[in-house]
Structure formats: structure tokens, C-alpha cells
Amino acid sequence: MRFALIFAIFLISCQWNAEQAQNGDVKEFRITARQFSFTPGEIEVKKGDTVRLIITSADVPHGFAIPEYGINEVLMPGEIVSVEFIADKEGTFTAYCSIYCGTGHSEMESRFIVN
Ligand SMILES: [Cu+2]
1032 MRFALIFAIF LISCQWNAEQ AQNGDVKEFR ITARQFSFTP GEIEVKKGDT
1082 VRLIITSADV PHGFAIPEYG INEVLMPGEI VSVEFIADKE GTFTAYCSIY
1132 CGTGHSEMES RFIVN
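Residues in the sequence shown are numbered consecutively from 1032, following my numbering.
Okay, structure coming up:
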């Protein structure tokens, strides 16, 4: 009887966790910057999601900026930069490199989409 009760609580907590995931409370992405692109080149979340970006540079110093969200990070090779924010503005935003990194710097962009 006691086992059944514990098992029931376990099932309920599993379902609760699954619902949390469905609501997408925290969305985590790992982004790599290298001359002259970001991988992945596009990130999509829902409005209200908490977005966690874990960003690294694979070669030279780069920047990562989304001005509409007040984000402008410096990415030094070998360092991990973590940014967390709430996606409270809908739209398609450009995330771009904010530190001159070579000839293709001005095209070094990715898209951040909030639906
Ligand atoms: Cu650059």
C-alpha cells in the first residue's frame, strides 16, 4: 500500500515535469562562433520563454550582440559565455558579431526568432 502511494506520487511528479518542459520555461542553446558565422544560424523560441545561450568562439575573439535585448557579449577563444534572459519581445532579430574579426565580419549574423 505504501509502495503504491509512493509510485503514484512518482507518476504525478513525472507528469508535472513533462508539462513544465512542454511550457518551455527554459530553452537552452549552445552557440559556436567562428569566422564568419554562428552555429546554429537560427534560434527560435516562444514569447515568454527563458532563453539561456551558452556561447563560445572556436577561433578568434568575436562578439555576440542582440541590441533589442540589450545583449552584447565578448567571446574570447576558449571561454564560455552564458547569457540568460526572457524572450518578452516578439519578432525576428539579428544577432551579429560586434567585434571586428576579419574580412567577413560584417556578414557574421544569425537570426533570433520569438513567436
Ligand atoms: Cu566579427
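Every residue gets a Cβ at the ideal spot worked out from N, C-alpha and C, and that includes glycine. All values derive from a computational prediction rather than experimental measurement.
Compute the distance between the beta-carbons of residue i and residue j, then report whether it is under 9 Å.
i: Gly1072; j: Ile1117; result: no
i: Leu1084; j: His1093; result: no
i: Ile1097; j: Thr1123; result: no
Where does residue i land, buried or exposed, given buried means 16+ other C-beta within 10 angstroms?
i: Ala1126; result: buried
i: Ser1088; result: buried
i: Ser1141; result: buried
Quick one: grab the DSSP three-state call for residue i.
i: Ile1130; result: coil
i: Glu1059; result: strand
i: Glu1073; result: strand
i: Glu1115; result: strand
Leaving out five residues on either side along the sequence, give the residues of the same chain with a beta carbon under 6 Å from the beta carbon of residue i.
i: Thr1070; result: Thr1063
i: Arg1061; result: Ile1085
Given residue i, which residues of its chain have a CB within under 8 Å of its CB, disregarding the five upstream and five downstream residues?
i: Glu1138; result: Phe1067
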